[in-house]
Structure formats: C-alpha cells, structure tokens
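Read through the structure below, which is laid out as structure tokens, and then see the notes.
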Amino acid sequence: AQTVTQSQPEMSVQEAETVTLSCTYDTSESDYYLFWYKQPPSRQMILVIRQEAYKQQNATENRFSVNFQKAAKSFSLKISDSQLGDAAMYFCAYRRGRSGSRLTFGEGTQLTVNP
Amino acid sequence: DAGVIQSPRHEVTEMGQEVTLRCKPISGHNSLFWYRQTMMRGLELLIYFNNNVPIDDSGMPEDRFSAKMPNASFSTLKIQPSEPRDSAVYFCASTSAGVGEQFFGPGTRLTVL
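Listed in order, the protein sequences are those of chains A and B.
Note that my numbering has the first sequence beginning at 1, numbered continuously upward.
Note that my numbering has the second sequence beginning at 1, numbered continuously upward.
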C-alpha cells in the first residue's frame, strides 16, 4: 500500500522569506502523480502544484516549486516570498497514474506566516 | 462552472438519527470520491465511483455508512444510525480522464451530539 509522510506538523516563516515543507512517500508503482494541496481556515482544498513521476523537471507555479527526488521518494514544496495568505494547512498527496484513482494524503503541515 | 457542490454545508444531529450528505460533481467528470477529515485520522478515502459504479469502498467504516451514485450528476453518502464518532468534515471530489487533479467541494461539517 502507498503511504505518504509529512514529518513537520508545524512550520513558521517570516513574511517575504522562503520556507520548505517536506514530504516522503512509499510506492512500488512506476506511474504516479504527486500533489500539494492547501487548506486555509475556510477548509476548501486548493491544488497548489502537481508533479508527474515520469517528468524529471521539477514543477513550478509562480512562487511555489517542488524538489522531486524520485529515487529517494521525496517531494518537498518550496514557497518563495511568503505572503500572509499562504498561511494554511498543506497536504502532500499521492495518486496512481490513472486519473480515476484515489488520493492518499499525508498528515499535513500547518504553516504560519509571521508579519 | 460552479465547481463541486455539496449540501448541506453544516449538519448538526443527534445520535441515532439518519444523515444524508449530497454531492453534485463538475459536469463532465466521471469519477467521484468521498473523503472524510478528522483530527485523529486526517484525510481518508471512504469510497469512490467511476462512471457511477463503486470501485473501492474499503474505506467505508461499517455498515452504517452507504453511498450511492444514481446518475453522473448526483451522489449521496448516508449514515444510519449516526454516532458521535462520525463527527467530521466530509468532502466530495470529482475528476475525469485527462484531468490531472481532483476538484474538491467545500465540505460538509457534520456534528453528531
């Protein structure tokens, strides 16, 4: 069974600084996707970024980027120029290749952004 | 598009009562997922459907829980009878082939007293 682990229950960062959230996963599959979701206090689940396992290039979305280390089964999220609106719970998630497959989530990391 | 629609947004009920949660997926999406979020267990899959057919219901806690998808635009999750330990936020999400991500509804916060 696939597992996803986020070892940092809480993280904090100063506004405008950079923070990295860690995620490791375990799978025997070769075709899979990895995601970072953001859950603000409104509890809405919002996709931040996704990475296809077959792509070597790390995904980037504006201030958000990932460091995907396939051999190490590591998938960290870097947030640059942190903003107050980035404060939220962040979940790392894994999905097998087929789009009709379930997501397996990590435990989440609560990010605080200090002004 | 209105996104995934869930109702009600909040539900407070008493132990033993029947609870029905509803979900309307995004038009054109053929996969629908029910997740539950609690402090103790985090986000976990309860059941999912592809083309209205249940594929994996291994996450359904027990026989008190049931889910249906009578057509491509509607699904229900029913708890009968409800218990205090069922208190959680229940999310519905949808996706389709060729779409990379699952789109989540706003969730239903269920409180069982």
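The beta carbon of each residue, even a glycine, is placed where N, CA and C say it ideally should be.
On a predicted model such as this, the values are computed, not experimentally measured, just so you know.
What residues of chain A sit near Y48 (chain B), judged by a beta carbon separation below 9 Å? Against the second sequence, residue 48 (chain B) aligns to sequence position 48. Residues of chain A passing the Cβ test: G100, S101 and R102.
Under the three-state reduction of DSSP, which class applies to G42 (chain B): helix, strand or coil? Working through the second sequence from its first residue, we reach residue 42 (chain B) at position 42. DSSP places G42 (chain B) in strand when its eight states are reduced to three.
How long is the line joining the alpha carbons of V12 (chain B) and Q6 (chain B), rounded to whole angstroms? By 1-based counting over the second sequence, the position of residue 12 (chain B) is 12. By 1-based counting over the second sequence, the position of residue 6 (chain B) is 6. Taking the straight line from one Cα to the other gives about 16 Å.
Strictly below 8 Å CB to CB, what residues from chain B border Q44 (chain A)? On the first sequence, residue 44 (chain A) is found 44 positions in, with the first residue counted as 1. Here the neighbours are F104, P106 and G107.
If you measure from the beta carbon of G108 (chain A) to each beta carbon in chain B, is any gap under 8 Å? In the first sequence, residue 108 (chain A) corresponds to position 108, counting from 1. It does; some Cβ of chain B falls within 8 Å.
Determine the DSSP secondary structure at L32 (chain B), reduced to helix, strand or coil. Walking along the second sequence from the start, residue 32 (chain B) turns up at place 32. It is a strand residue.
Work out the CA separation of G105 (chain B) and M60 (chain B) for me, nearest whole Å. Against the second sequence, residue 60 (chain B) aligns to sequence position 60. Against the second sequence, residue 105 (chain B) aligns to sequence position 105. So the two alpha carbons sit approximately 19 Å from each other.
Start-to-end residues for the beta strand (DSSP E) that takes in P70 (chain B): For the purposes of this step, residue 70 (chain B) is taken as the residue at position 70 of the second sequence. First-last of the beta strand (DSSP E) with P70 (chain B): F65 to N71.
Endpoints, beta strand (DSSP E) assigned at M126 (chain A): Residue 126 (chain A) is absent from the model: chain A starts at 1 and stops at 115.
Spatial neighbours of D86 (chain A) in its chain, beta-carbon cut-off 7 Å, leaving aside the 5 residues before and after: Indexing the first sequence from 1 puts residue 86 (chain A) at position 86. So the qualifying residues of the chain are I79, L111 and V113.
Let me confirm a value: S27 (chain B) is counted as buried when at least 16 other C-beta atoms fall within 10 Å, else exposed. Which label applies? As a working mapping, residue 27 (chain B) is identified with position 27 in the second sequence. That one is exposed.
Contacting residues, own chain, Cβ-Cβ under 8 Å from P9 (chain A) (five flanking each side not counted): Counting from 1 along the first sequence, the entry for residue 9 (chain A) is found at position 9. So the qualifying residues of the chain are E107, G108, T109 and Q110.
Roughly how many angstroms separate the alpha carbons of N30 (chain B) and M39 (chain B), rounded to a whole number? Within the second sequence, residue 30 (chain B) is the residue found at index 30, counting from 1. Within the second sequence, residue 39 (chain B) is the residue found at index 39, counting from 1. The alpha-carbon atoms of N30 (chain B) and M39 (chain B) are separated by roughly 30 Å.
S65 (chain A) versus L77 (chain A) - alpha carbon distance: As a working note, residue 65 (chain A) is residue 65 in the first sequence. As a working note, residue 77 (chain A) is residue 77 in the first sequence. If I take the Cα positions, the gap works out to 6 Å.
What does L47 (chain A) touch in chain B if you count any residue whose Cβ is under 7 Å from its own? Taking the first sequence and counting its residues from 1, the one referred to as residue 47 (chain A) is at position 47. What L47 (chain A) touches in chain B: E101.
Provide the residue(s) that pair with M11 (chain A) in DSSP beta bridges, ordered along the chain. Along the first sequence, one-based indexing puts residue 11 (chain A) at 11. M11 (chain A) pairs with A:L111.
Across which residues does DSSP place E11 (chain B) in a beta bridge pair? In the second sequence, the residue the question calls residue 11 (chain B) occupies position 11. Answer by DSSP bridge pairing, in chain order: B:L110.
Any beta carbon from chain B within less than 8 Å of F105 (chain A)'s own beta carbon? Looking up residue 105 (chain A) in the first sequence gives position 105. Yes, F105 (chain A) counts as interfacial toward chain B.
Is S82 (chain B) close to chain A, meaning its C-beta is less than 8 Å from at least one C-beta of that chain? For the purposes of this step, residue 82 (chain B) is taken as residue 82 along the second sequence, with counting starting at 1. No, S82 (chain B) does not count as interfacial toward chain A.
Helix, strand or coil at R85 (chain B) [DSSP, three-state]: For the purposes of this step, residue 85 (chain B) is taken as residue 85 along the second sequence, with counting starting at 1. Reduced to three states, the DSSP call for R85 (chain B) is helix.
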